[in-house]
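Residue numbers (our numbering), protein chains in the order written: chain A, 1 to 255; chain B, 1 to 338. As structure tokens, the structure follows; a few thoughts come after it.
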Ligand SMILES: Nc1ncnc2c1ncn2[C@@H]1O[C@H](COP(=O)(O)OP(=O)(O)OP(=O)(O)O)[C@@H](O)[C@H]1O
Ligand SMILES: [Mg+2]
């Protein structure tokens with residue numbers, strides 16, 4: 001464990017040190033670039049305000065991620081099992097990803113109001129895609145000989161899906177979901193930046209209008225930490241859901 | 001006709017990929033009587049796996065019929081307990097759940113399937129590994145688990161595709177003896193594909209020898225030795241003679257595979273298959289099997305046993321399947337000599 005986290009930890013410490021040094025040596029004003037020390041101070045100082053914002057952003061991110069994951073998996077199943085659906089949907093799905101969220105978010109606010117809904121929709125729209133692509137590949141990539149085997153035992157399409165295709169796609173689903181998790185929090189913040197009552201996006205907007213750049217940095221650090229946490233949780237869930245996939249890994253990893 | 005548990009007639013299959021056509025099988029007749037174990041040997045790529053896939057119902061052949069217990073199985077899976085060439089365990093199921101996969105698909109409740117499978121773990125040398133993931137098992141254990149899964153399926157016929165192909169020679173020998181025991185308890189009509197002639201002879205009542213691609217039945221060699229067959233049997237003179245017979249039927253085609261592939265393979269039934277025999281030595285060993293006149297050349301009592309069995313075989317060619325293969329080939333012989 002220590003060995004795994006030491007190198008990135010050292011690098012991070014070095015970067016923070018360089019940042020601090022830069023700010024001190026160049027006498028950079030705090031409204032342009034606050035020093036890490038100042039950011040830490042702002043963190044302590046904003047602490048009472050933060051829990052409500054963090055809770056709002058986190059719950060939007062998780063809700064959106066869950067919806068995105070379910071929608072992505074459902075689309076993947078449809079695409080993998082019905083060739084017509086695949087032909088119709090595939091180009092549209094790719095096209096859907098070319099619309100920047102920053103353009104879409106104001107429209108969503110227009111349609112769904114300034115509550116939680118538009119943020120959840122933004123997150124779902126961002127996250128369904130990697131899940132759908134990865135899961136579809138997993139479903140299609142099931143070993144054809146395994147499929148023959150269960151068919152030889154008398155399995156129909158439904159039983160084949162259940163015994164081979166689904167389990168074969170579980171690791172792929174989770175690797176798509178991990179990518180999605182990394183973007184989910186940022187997606188929620190984009191939605192909040194447009195219009196919201198709570199959330200880190202609101203916190204950022206307010207900090208900006210009061211020239212508290214140090215607080216913006218606090219928000220950035222929290223977004224990064226939340227994303228990393230969500231990413232790790234999805235990874236853990238993946239391990240629990242596909243224990244066979246990792247059955248012979250821990251032994252290799254042990255130093 | 002109805003007596004055969006497994007009956008394949010006039011089976012031909014061509015794989016086409018784009019404009020590349022591979023003829024894998026051509027006019028194959030094979031029959032397995034109830035309680036009989038028939039080995040299939042042939043050079044690599046001659047269509048052995050293709051034959052079993054057709055019987056398993058997962059590959060629709062270009063021509064021919066395939067029946068199990070009188071039921072047409074072409075494109076209709078579910079009649080045979082099929083073990084593919086790779087062990088193909090489901091990586092996401094523990095050993096026990098892999099074993100019970102077939103029973104589960106049959107609609108048997110999980111608990112009941114487990115009760116059926118549990119005693120077999122001991123028998124298949126897997127006791128204590130019920131909860132292991134396939135990735136935690138050795139190659140031999142994986143093969144035994146795949147066999148367990150296959151034998152556990154209540155089907156009329158068993159199809160085994162090179163079950164020991166991936167194992168080392170020593171493990172293989174042990175597994176053959178062990179499989180014989182298992183099969184003796186079970187006695188289901190079985191087709192056993194292998195490229196090991198000794199293995200084929202030790203296990204089988206009859207050995208079907210296929211030619212190089214496209215596979216055709218070159219000869220069917222009855223194996224008369226009583227069961228259970230001891231490991232020492234392989235040194236028995238009669239066994240050695242039979243082995244030579246099978247090797248002789250195999251060898252020319254194995255070495256001539258390159259030339260027989262040169263486009264000619266699609267031609268008439270006799271073309272490429274017969275050609276290589278002409279200039280090959282070991283043929284006389286093949287003769288005693290079919291021509292009584294050549295009996296004297298055999299290497300003793302063992303050979304005689306084989307001849308007797310050959311007679312029986314022709315007699316009980318109940319459905320005429322093995323019979324049709326025989327006489328036609330004998331017909332080719334004299335022409336060539338005369
Ligand atoms: N799906 C496929 N598409 C195209 N050609 C195929 C396919 N499967 C098999 N073949 C070809 O058909 C021929 C027979 O294949 P098959 O697997 O039945 O051989 P085999 O006798 O089982 O060989 P081996 O002893 O090496 O397992 C081979 O030449 C192979 O290249
Ligand atoms: Mg094969």
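Here a beta-carbon is modelled for each residue, glycine too, at the ideal position from N, C-alpha and C.
Residue i: CB within 8 Å of a non-hydrogen atom of ligand 1
| i | result |
| --- | --- |
| residue 50 of chain B | yes |
| residue 172 of chain B | no |
| residue 62 of chain B | no |
| residue 162 of chain A | no |
| residue 22 of chain B | yes |
| residue 44 of chain B | yes |
| residue 129 of chain A | no |
| residue 217 of chain A | no |
| residue 47 of chain B | yes |
| residue 213 of chain B | yes |
| residue 218 of chain B | no |
| residue 93 of chain B | no |
| residue 330 of chain A | Past the edges of chain A, shown from 1 to 255, lies residue 330 of chain A, and the structure says nothing about it. |
| residue 15 of chain B | yes |
Contact test: residue i Cβ vs ligand 2 heavy atom, cutoff 8 Å
| i | result |
| --- | --- |
| residue 161 of chain B | yes |
| residue 193 of chain B | yes |
| residue 85 of chain B | yes |
Whole-Å CB distance - residue i paired with residue j, under 8 Å assumed
| i | j | result |
| --- | --- | --- |
| residue 202 of chain B | residue 180 of chain B | 7 Å |
| residue 223 of chain B | residue 206 of chain B | 6 Å |
| residue 156 of chain B | residue 189 of chain B | 7 Å |
| residue 96 of chain B | residue 147 of chain B | Contact flag wrong, Cβ pair sits at about 15 Å. |
| residue 28 of chain B | residue 51 of chain B | 6 Å |
| residue 264 of chain A | residue 181 of chain A | Residue 264 of chain A lies beyond the residue range present for chain A, which begins at 1 and ends at 255; the question has no answer from this structure. |
| residue 191 of chain A | residue 122 of chain A | 4 Å |
| residue 56 of chain B | residue 77 of chain B | 6 Å |
| residue 179 of chain A | residue 130 of chain A | 4 Å |
| residue 214 of chain A | residue 39 of chain A | 5 Å |
| residue 184 of chain B | residue 149 of chain B | With 8 Å as the limit, residue 184 of chain B and residue 149 of chain B do not qualify as a contact, their Cβ atoms being about 20 Å apart. |
| residue 154 of chain A | residue 105 of chain B | 6 Å |
| residue 139 of chain B | residue 166 of chain B | 6 Å |
| residue 204 of chain B | residue 38 of chain B | 6 Å |
Residue i in three-state terms, based on DSSP
| i | result |
| --- | --- |
| residue 47 of chain A | coil |
| residue 28 of chain A | coil |
| residue 114 of chain A | coil |
| residue 33 of chain B | coil |
| residue 347 of chain B | No statement about residue 347 of chain B is possible, as the shown extent of chain B runs from 1 to 338 and does not include it. |
| residue 166 of chain B | coil |
| residue 245 of chain B | helix |
| residue 73 of chain B | coil |
| residue 124 of chain B | coil |
| residue 10 of chain B | strand |
| residue 41 of chain B | strand |
| residue 16 of chain B | strand |
| residue 165 of chain A | helix |
| residue 161 of chain B | strand |
| residue 153 of chain A | coil |
| residue 268 of chain B | Note on residue 268 of chain B: pLDDT 38, under 50, position unreliable in the model; the coordinate value appears next. Coil. |
| residue 292 of chain B | In this prediction, residue 292 of chain B has a pLDDT of 38, which is less than 50 and means its spatial position is unreliable; nothing more can be read from the coordinates. |
| residue 133 of chain A | helix |
| residue 100 of chain B | coil |
| residue 57 of chain B | coil |
| residue 278 of chain B | Unreliable positioning characterises residue 278 of chain B in this predicted model, as indicated by a pLDDT of 34, which lies under 50. The coordinate reading is nonetheless provided below. Note: residue 278 of chain B maps to helix in three-state DSSP. |
| residue 260 of chain B | Residue placement at residue 260 of chain B is flagged as unreliable, the pLDDT there being 38, under the threshold of 50; a coordinate-derived value is accordingly withheld. |
| residue 21 of chain A | helix |
| residue 64 of chain B | strand |
| residue 142 of chain A | coil |
| residue 242 of chain A | coil |
| residue 81 of chain B | strand |
Q) Which ranges does the alpha helix (DSSP H) cover as unbroken runs of at least 4 residues, wholly within the stretch 186-222 of chain B, from first to last along the chain? A) Fully enclosed alpha helix (DSSP H) runs of 4 or longer: 197-203.
Q | Runs of alpha helix (DSSP H) lying entirely within the stretch 169-226 of chain A, each at least 4 residues, in chain order | A | Entirely contained in the stretch 169-226 of chain A, the alpha helix (DSSP H) runs reaching 4 residues are, in chain order, 200-209.
Q) In the stretch 77-104 of chain A, which residue ranges form an unbroken alpha helix (DSSP H) of at least 4 residues, counting only runs that do not cross its ends? A) Correct list: 83-96.
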